[in-house]
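**Student:** For any residue, its number in this note's numbering is found by taking its place in the sequence shown, counting from 1, and adding 9.
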Amino acid sequence: TAISQSQHVSKNTISALLRGLEAQGLIQRTLVSTDLRAFRIQLTQAGKDYLRNTAPARISNLNRLLSGLDLQEQEQLMLLLEKLQGLLMEQYKPCKDPEHQPAHAGHAAISEE
Numbered sequence: 010t011a012i013s014q015s016q017h018v019s020k021n022t023i024s025a026l027l028r029g030l031e032a033q034g035l036i037q038r039t040l041v042s043t044d045l046r047a048f049r050i051q052l053t054q055a056g057k058d059y060l061r062n063t064a065p066a067r068i069s070n071l072n073r074l075l076s077g078l079d080l081q082e083q084e085q086l087m088l089l090l091e092k093l094q095g096l097l098m099e100q101y102k103p104c105k106d107p108e109h110q111p112a113h114a115g116h117a118a119i120s121e122e
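1) Between which residues of its own chain and L40 is the CB-CB distance below 7 Å, once the five residues before and five after are set aside?
2) Put L185 into one of helix, strand or coil per three-state DSSP.
3) Counting only the same chain and skipping the five closest in sequence on each side, list residues whose C-beta sits under 7 Å from that of A55.
4) Measuring only the C-alpha atoms, how far is S76 from R67?
5) Whole angstroms is fine: what's the gap from R78's alpha carbon to L71's?
6) For L52, which residues does DSSP report across the bridge?
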């Protein structure tokens, strides 16, 4: 629940993601002894190795993409991304009552205009 709320996605989405990561041997889930509905999630050594080995390539790729922008454009991009994140978080705040969910909650709206 905590992960799904922090990422603003459904519990089913997180469960499927975690099952996939576990099947790949990247994480380990263990039941919390005080709450049998909850899991403790840990990176396995393979998960740590994967992050350590892929981080340089991901950082290099991001730097390559950002190198096409001057400093002012990079700063503007960061401000716009922060604003977009705030708008998304506001729009998709968890709501306990399904009747008060926006009609599009949980669905991505993509326009080609």
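Backbone N, C-alpha and C fix where the C-beta goes; we use that ideal spot for every residue, glycine too.
**Tutor:** Reading off the structure:
1) F48
2) The requested residue 185 does not occur in the structure, where the chain is confined to residues 10 to 122.
3) G34, L35
4) 14 Å
5) According to the sequence displayed, residue 78 carries Leu and not Arg. Roughly 12 Å between the two C-alpha positions.
6) I36
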